[in-house]
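S.K.: The structure under discussion is supplied below as structure tokens; questions concerning it will follow.
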Amino acid sequence: MAIFPYLLGAAAVTIVSGSQVALPDIFPNLAACVNEPAIYSCENTTTIQNTCCSPSPGGLVLQTQFWDTYTGLEKNGQLLPKNSWTIHGLWPDFCDGSYTQYCDLSRQYDPAPSPNTTNGLPNGTAVPAYIGPGVDTFVLEFGRIELLDYMNKYWVSQGSPNNEFWAHEFSKHATCTSTFDTACYEDYKEHEDVVNFFESVVRAFQMFPTFNILAAAGIVPSNTTTYTLAQVQNAVKAQTGATPFVGCGGNGTILNEMWHFSHVLGTEQYGRFKSIDSTTASTCAAEGIQYLERTPTSERDVRTLPY
Ligand SMILES: *[C@@H]1O[C@H](CO)[C@@H](O)[C@H](O)[C@H]1NC(C)=O
Ligand SMILES: *[C@@H]1O[C@H](CO)[C@@H](O)[C@H](O)[C@H]1NC(C)=O
Ligand SMILES: *[C@@H]1O[C@H](CO)[C@@H](O)[C@H](O)[C@H]1NC(C)=O
9 MAIFPYLLGA AAVTIVSGSQ VALPDIFPNL AACVNEPAIY SCENTTTIQN TCCSPSPGGL
69 VLQTQFWDTY TGLEKNGQLL PKNSWTIHGL WPDFCDGSYT QYCDLSRQYD PAPSPNTTNG
129 LPNGTAVPAY IGPGVDTFVL EFGRIELLDY MNKYWVSQGS PNNEFWAHEF SKHATCTSTF
189 DTACYEDYKE HEDVVNFFES VVRAFQMFPT FNILAAAGIV PSNTTTYTLA QVQNAVKAQT
249 GATPFVGCGG NGTILNEMWH FSHVLGTEQY GRFKSIDSTT ASTCAAEGIQ YLERTPTSER
309 DVRTLPY
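Counting from 1, position 48 in the sequence shown corresponds to residue 56 in the working numbering; the numbering is continuous, with no gaps.
Listed below in structure tokens is the structure:
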């Protein structure tokens with residue numbers, strides 16, 4: 009129990025009177041979208057009038073993932089999920105691959121923005137550090153224990169507590185994603201956009217099972233084998249139809265990132281994703297790429313834990 013303290017917090021939410029507690033809904037109001045033309049983001053932007061219905065601008069959607077071999081917070085029980093890459097985020101690039109960030113400082117929950125970070129406005133306001141309850145408590149406010157559980161398993165930070173990483177991803181990126189604007193929610197309840205974003209990130213991540221796609225093509229972590237960039241790109245392209253961004257550290261030799269690009273029909277929350285080729289060149293060498301095995305004490309088998 010000690011390494012899953014959020015379960016204790018969750019108990020306080022669910023055991024209120026011993027009877028069923030009605031949980032608040034977290035839906036954007038998309039009633040006005042049902043008669044809009046069904047088009048993919050970035051493919052006919054002139055037709056997108058209601059930006060709650062389709063991510064605009066920012067319709068090139070990136071589901072980004074990491075392959076880390078350690079977290080640095082193993083002693084706190086922050087471990088990587090065996091046989092899976094981990095979530096980085098869900099980013100709203102402009103259609104050409106450029107982007108903006110921290111678009112709504114009234115929803116700034118990042119406790120540690122990088123030094124000299126500014127928002128995306130022309131005058132570039134500095135992004136202040138957030139001081140307040142962690143975003144994990146927002147998830148519990150909505151009773152979403154199962155979502156928090158999944159996030160702690162698969163949305164794992166390196167070098168910072170998971171909830172600080174989630175806050176960073178929301179405030180830097182989701183505030184620039186039109187379908188999570190607070191105006192898209194009828195009777196907006198504070199933080200419902202945050203929780204709705206988190207569940208949307210999980211859904212998008214599940215569309216791109218990078219570990220399984222690579223393993224099924226014979227590309228598995230190994231401290232003795234190397235792979236070519238084309239092997240990695242082609243294995244993914246064979247399943248998604250598009251070339252992802254493949255990122256490497258160690259001067260291009262250590263595989264550590266993948267970004268899956270999409271255009272989206274409908275919303276990021278519930279819509280259809282269509283894979284698009286990366287607009288960013290790979291940072292990996294053409295060959296000699298290591299896909300490192302993790303340190304065994306840095307990972308856990310998330311499928312067998314007795315939750
Ligand atoms: C964009 O959509 C509108 C209708 O919604 C259509 O008239 C127009 O031809 C489309 N443009 C392109 C480039 O497909
Ligand atoms: C990258 O290459 C440079 C030049 O060869 C070298 O000095 C540096 O140590 C290398 N860095 C890593 C992380 O391998
Ligand atoms: C594989 O190599 C990495 C990098 O040296 C190391 O951190 C890791 O522990 C190794 N994994 C195994 C299973 O030996």
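Cβ coordinates follow ideal geometry from the N, Cα and C atoms, glycine included.
#1: Given this structure, state the Cα-to-Cα distance separating Ala20 from Glu154, to the nearest angstrom.
#2: Under 8 Å, Cβ to Cβ, is there at least one residue of chain C near Thr133?
#3: Could you compute how far the alpha carbon of Ile297 sits from the alpha carbon of Leu237?
#4: Among Lys90, Asp104, Gly151 and Thr126, which one has its Cα closest to the Cα of Glu200?
#5: Given the structure, does Ile160 come close to ligand 3, in the sense that its CB is under 7 Å from one of the ligand's heavy atoms?
#6: Looking at C-alpha atoms only, which residue of Arg302, Thr305 and Leu263 is the closest neighbour of Glu295?
#7: Ignore the nearest five residues each way along the sequence and tell me which others in Gln57's own chain have a CB closer than 8 Å to its CB.
#8: Gln71 lies in the beta strand (DSSP E); which residues open and close that run?
#9: When we look at the beta-carbon of Phe74 and count the other beta-carbons within 10 Å, is it buried (16 or more) or exposed?
#10: Return the residue from the list Cys61, Ala30, Asn170 and Tyr48 that minimises the CA-CA distance to Ala39.
#11: Rounding to the nearest angstrom, what Cα-Cα distance links Trp267 and Asp33 in this structure?
#12: Let's see if you can read the secondary structure: which residues bound the beta strand (DSSP E) around Glu149?
#13: Are the beta-carbon atoms belonging to Val147 and Phe213 less than 8 Å from one another?
#14: Quick one: what's got a C-beta closer than 6 Å to Ser165's C-beta in the same chain, skipping five residues either side?
#15: Give every residue of the same chain whose Cβ lies closer than 6 Å to the Cβ of His176, excluding the five residues on either side of it in the sequence, and list them in chain order.
#16: Taking only three categories from DSSP, how would you classify Phe253?
#17: Within 8 Å, do at least three Cβ pairs link the stretch 297-312 to the stretch 218-230?
#18: Would you report the Cα separation of Asp157 and Tyr193, rounded to the nearest angstrom?
#19: Given this structure, state the Cα-to-Cα distance separating Val135 from Ala246, to the nearest angstrom.
#20: Alpha carbon to alpha carbon, how far is Pro141 from Thr232?
#21: By how many angstroms is the C-alpha of Asn127 removed from the C-alpha of Ala137?
#22: Within 10 angstroms of its Cβ, does Ser306 collect 16 or more other Cβ (buried), or is it exposed?
#23: Pull up the distance between the alpha-carbon of Gln109 and that of Leu222, whole angstroms please.
#24: Looking only at its chain, what residues have a beta carbon closer than 7 Å to the beta carbon of His179, apart from the 5 residues adjacent to it on each side?
#25: Return the first residue and the last residue of the alpha helix (DSSP H) that Thr94 is part of.
#26: Which term fits Met9, buried or exposed, when burial requires 16 or more other beta carbons within 10 angstroms of its beta carbon?
#27: Is the beta carbon of Ala250 sitting closer than 8 Å to the one on Phe269?
#28: Beta-carbon separation of Thr234 and Gly66 under 8 Å?
#29: Do you know offhand how far His96's Cα is from Glu265's?
#30: What beta strand (DSSP E) runs, 3 residues minimum, are completely inside the stretch 181-219?
M.R.: In short, the structure shows the following:
#1: Model confidence at Ala20 stands at a pLDDT of 38, short of 50, so the residue's coordinates are unreliable and nothing is read from them.
#2: Considering every chain present, this structure includes no chain C. It has just one protein chain.
#3: 7 Å
#4: Gly151
#5: This sequence places Asn at residue 160; Ile is not what is there. False, no ligand heavy atom lies under 7 Å from that Cβ.
#6: Leu263
#7: Glu44
#8: Leu68 to Phe74
#9: buried
#10: The candidate whose alpha carbon is nearest that of Ala39 is Cys61.
#11: A straight-line Cα-Cα distance of about 31 Å links Trp267 and Asp33.
#12: Looking at the DSSP string, Glu149 is not in any beta strand (DSSP E); the run it does join, the alpha helix (DSSP H), is Val143 to Glu149.
#13: no
#14: Phe173
#15: Asp118
#16: strand
#17: yes
#18: Each residue's alpha carbon lies about 25 Å from the other.
#19: 41 Å
#20: 44 Å
#21: Ala137 and Asn127: Cα-Cα distance of roughly 13 Å.
#22: buried
#23: 31 Å
#24: The sequence given here has Ser at residue 179, not His. Within the same chain, Ser179 has close Cβ partners Tyr110, Arg115, Gln116, Tyr117 and Asp118.
#25: Boundaries around Thr94 are those of the beta strand (DSSP E), Thr94 to Asp101, since no alpha helix (DSSP H) includes it.
#26: With a pLDDT of only 31 at Met9, under 50, the local geometry of the prediction cannot be trusted, and no value is derived from it.
#27: yes
#28: no
#29: Cα-Cα distance, rounded: 9 Å.
#30: Taken in chain order, no unbroken stretch of beta strand (DSSP E) lies wholly in the stretch 181-219 with a span of 3 residues or more.
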